[in-house]
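Let me begin by presenting the structure, written as structure tokens, before commenting on it.
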Amino acid sequence: MKSRMNDLFTEERNIHVLYSYDVNEQYIEKLVDFVQSGVSAGEYVILIENQRIYKTLYKKLITRLSEEQMKLVIWVNNFDFYFSSGSYHPPAIYNYFTETVQPLVEEKLLFRSWAHVEWATMEGPLHIIEDLERIVDEAVNELDFPLVCAYEGAKMPDYLRKILLETHPYILVEDQLLVSEAYQSTIKG
Numbered sequence: 070m071k072s073r074m075n076d077l078f079t080e081e082r083n084i085h086v087l088y089s090y091d092v093n094e095q096y097i098e099k100l101v102d103f104v105q106s107g108v109s110a111g112e113y114v115i116l117i118e119n120q121r122i123y124k125t126l127y128k129k130l131i132t133r134l135s136e137e138q139m140k141l142v143i144w145v146n147n148f149d150f151y152f153s154s155g156s157y158h159p160p161a162i163y164n165y166f167t168e169t170v171q172p173l174v175e176e177k178l179l180f181r182s183w184a185h186v187e188w189a190t191m192e193g194p195l196h197i198i199e200d201l202e203r204i205v206d207e208a209v210n211e212l213d214f215p216l217v218c219a220y221e222g223a224k225m226p227d228y229l230r231k232i233l234l235e236t237h238p239y240i241l242v243e244d245q246l247l248v249s250e251a252y253q254s255t256i257k258g
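Using this note's numbering, you'd call the opening residue of the sequence shown number 70 and step up by one each time.
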């Protein structure tokens, strides 16, 4: 991802990006590039990812990163992350995230995050996803860090896609970072 997205992360910190993926191998390569560019910049990289994908990612990263760089990669199991309270509950998810990044924030260390949002089905109360994405959008600005939210395109009904375009100021399409025309900021001032 030696593309405009990584350049943008260095120029502007508070970037909230939607990434809708369809091909798993391309997804892994985007993720590898995201991690490599982050650690190359000396940033911590918080990966909220499932165990299966993280194992594949880890095998690739250990061949490309030094042992010191690998220490900058923090993996959070996405199932534990999204269901820490027993259900998909935005305030609990936000608390889990802030607890994870608090040591970095206190030490004024730069970090970026990649969050893979998934579950068996994207059916149900989608307003909860909207609530979480709006909370996260505010956190990105408040804590001044870049965040990519990855969703599997095939599992996104049109209503969810609309919500995601309204809650993410940027969209990653292939190697292009586009401004979301549908984005509706709720950030005050």
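Just so you know, even glycine gets a beta-carbon here, dropped at the ideal spot from N, CA and C. It should be emphasised that the depicted structure is a prediction, and the values quoted were computed from it without experimental measurement.
Per DSSP, residue i is paired with what?
| i | result |
| --- | --- |
| R181 | V114 |
| I240 | L87 and L247 |
DSSP state of residue i, grouped into three classes?
| i | result |
| --- | --- |
| S153 | coil |
| I143 | strand |
| Q245 | strand |
| A161 | helix |
| L134 | coil |
| E176 | coil |
| L201 | helix |
| L216 | strand |
| M70 | Low local confidence applies: a pLDDT of 38 at M70 is under 50, so the model's placement there is unreliable, and no value is given. |
| Y96 | helix |
| E221 | strand |
| T169 | helix |
| E81 | coil |
| Q120 | helix |
With residue i as the anchor, note down where its alpha helix (DSSP H) starts and where it stops.
| i | result |
| --- | --- |
| V86 | Where V86 is concerned, there is no enclosing alpha helix (DSSP H), although the beta strand (DSSP E) it sits in stretches over H85 to Y90. |
Going by C-alpha to C-alpha distance, which of the options sits closest to residue i?
| i | options | result |
| --- | --- | --- |
| C218 | Y165, V92, P238 and S109 | P238 |
| L126 | E136, S156, N147 and E98 | E98 |
| V142 | P159, S254, V101 and E187 | V101 |
| L116 | W144, S89 and F150 | W144 |
| N83 | G222, Q245 and F214 | F214 |
| V242 | Y96, H185 and D149 | Y96 |
| Q253 | V174, I204, L234 and L246 | L234 |
| Y163 | I197, L179 and D91 | I197 |
| V114 | G222, V248 and S182 | S182 |
Regarding residue i and the ligand GTP, is the C-beta to nearest heavy atom distance less than 7 Å?
| i | result |
| --- | --- |
| E207 | Only the bare structure without any ligand can be found here, which leaves the ligand GTP out of the picture. |
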